[in-house]
Amino acid sequence: MKKESKIKILLPILAVIVVTVLIFNRLLFKLKDQVDKVALPIQSKVYSVANRAISLKDIIFSYEDIIAENENLKKENMELKIQKERNQKILEENERLSKLLEMKENTIYKGELKFARVSFSDINNLNNKIFIDLGKKDGIKVDMIAVYGDYLVGKIIDVHSNYSVVELITNPNSIISAKTEADILGIARGSDEEDGLLYFQPSIVEDNLKEGEEIVTSGVSNIFPEGIKVGKIENIDDKENYSYKRITIKPAFESKDLKELIVIGHENTVNKSIVKEETEEVEEEKGEESK
Numbered sequence: 015m016k017k018e019s020k021i022k023i024l025l026p027i028l029a030v031i032v033v034t035v036l037i038f039n040r041l042l043f044k045l046k047d048q049v050d051k052v053a054l055p056i057q058s059k060v061y062s063v064a065n066r067a068i069s070l071k072d073i074i075f076s077y078e079d080i081i082a083e084n085e086n087l088k089k090e091n092m093e094l095k096i097q098k099e100r101n102q103k104i105l106e107e108n109e110r111l112s113k114l115l116e117m118k119e120n121t122i123y124k125g126e127l128k129f130a131r132v133s134f135s136d137i138n139n140l141n142n143k144i145f146i147d148l149g150k151k152d153g154i155k156v157d158m159i160a161v162y163g164d165y166l167v168g169k170i171i172d173v174h175s176n177y178s179v180v181e182l183i184t185n186p187n188s189i190i191s192a193k194t195e196a197d198i199l200g201i202a203r204g205s206d207e208e209d210g211l212l213y214f215q216p217s218i219v220e221d222n223l224k225e226g227e228e229i230v231t232s233g234v235s236n237i238f239p240e241g242i243k244v245g246k247i248e249n250i251d252d253k254e255n256y257s258y259k260r261i262t263i264k265p266a267f268e269s270k271d272l273k274e275l276i277v278i279g280h281e282n283t284v285n286k287s288i289v290k291e292e293t294e295e296v297e298e299e300k301g302e303e304s305k
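Counting from 1 along the sequence shown, just add 14 to a position and that's the residue number in my numbering.
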């Protein structure tokens, strides 16, 4: 009887415990659902922020890589430009040296040839004069002529110990006895307009001159031998307000581009004979008049 009474007492207790556990468990599930509803958006935001942080990190590292690659490309591009400029300078120097060698073999230049480098130009006017690296110690003398290729550049007007001054043919003070391809004599003089051009004044009125015609030294000079090119006729202006045709000559060089040239010590025997013949003719005429 006692056992049965105990069982009757325990069964309700167990039933209460089971029910209580089930109710508590259900409450826990409901609480978990509520917590999940609150926590999941927060977790989602945290996850999203974390992903953005990772993406930002990747972007930063990627940006740094791009910058580094860009710097490398700039460096390579600069090296290529420098190399291209070097190659261009080497090519230009080779062309100048080839031209100098051609000048050395030119039969017009019969005197002693001296290779000179241009040190600098007249800062007041690039077309007036240049300075070369040869002087008295190198045998340079006043009135020696300077040429580049087949073209006349100027003449020596001042000589110092280790440098000399070359008056360019474009200098306003430069006057050269010249002639056309048709042997029309005249004077080529530098322009005073600082444009690097010359003017040609023929000794006679001539209508057959044409643009592009070559003007050369005439040889009627104790300085310039015959046949050295001065330049080409660029323009013939015969406006009514001119008392003569204004003939413009363009030289084959620009003073800013002159790097090397040749100085010639030339004994112009041909010119002297021309001058001598003219002098003899004048003396003969005087003699006849005195008779």
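Even for Gly, the Cβ is constructed at its ideal location relative to N, Cα and C.
E126: member of the beta strand (DSSP E) spanning 126–135, first to last residue. Only buried fits T194, as 16 or more other CB atoms lie within 10 angstroms of its CB. If you check the CB distance, E274 and R131 come in under 7 Å. A direct Cα-to-Cα measurement between R100 and M92 gives close to 12 Å. K150 and V179 have their C-alpha atoms some 12 Å from each other.
Contact between A266 and Y165 holds, with the beta-carbon distance rounding to 4 Å and staying under 8 Å. Residues I144, F145 of the same chain have their beta carbon placed closer than 8 Å to that of F134, with the five preceding and five following residues left out of the count.
Between L140 and V173, the alpha-carbon positions lie close to 19 Å from each other. The region 210–223 and the region 231–242 do not touch, with fewer than 3 CB-CB distances between them shorter than 8 Å. Per DSSP, the unbroken beta strand (DSSP E) holding S191 starts and ends at 189–193. Rounded to whole angstroms, the gap between the alpha carbons of I242 and K98 is 35 Å. In the displayed model, A266 falls within coil according to three-state DSSP, outside both helix and strand. Take the alpha-carbon of I37 and the one of L25: they are about 18 Å apart.
In the three-state DSSP reduction, V173 falls in the strand class (E or B). For V30, the three-state secondary structure derived from DSSP is helix.
Its chain contains D136, L182, N185 as the residues whose beta carbon lies nearer than 7 Å to that of N142, once the 5 sequence neighbours on both sides are disregarded; these appear in chain order. Taking the CA atoms as reference points, N222 sits about 11 Å from I250. Nearest Cα to D206 within the set N187, L199, V161: N187.
Contact between I229 and E248 is absent: CB atoms are separated by about 10 Å, not below the 8 Å threshold. Burial is judged here by how many other beta carbons sit within 10 angstroms of a residue's own beta carbon; R203 has at least 16 and is buried. Classified as buried, L148 has 16 or more neighbouring CB atoms from the shown chains inside 10 Å of its CB. Under the three-state reduction of DSSP output, V219 falls in the coil class, being neither helix nor strand. Within the DSSP secondary-structure output, E274 pairs in a beta bridge with R131.
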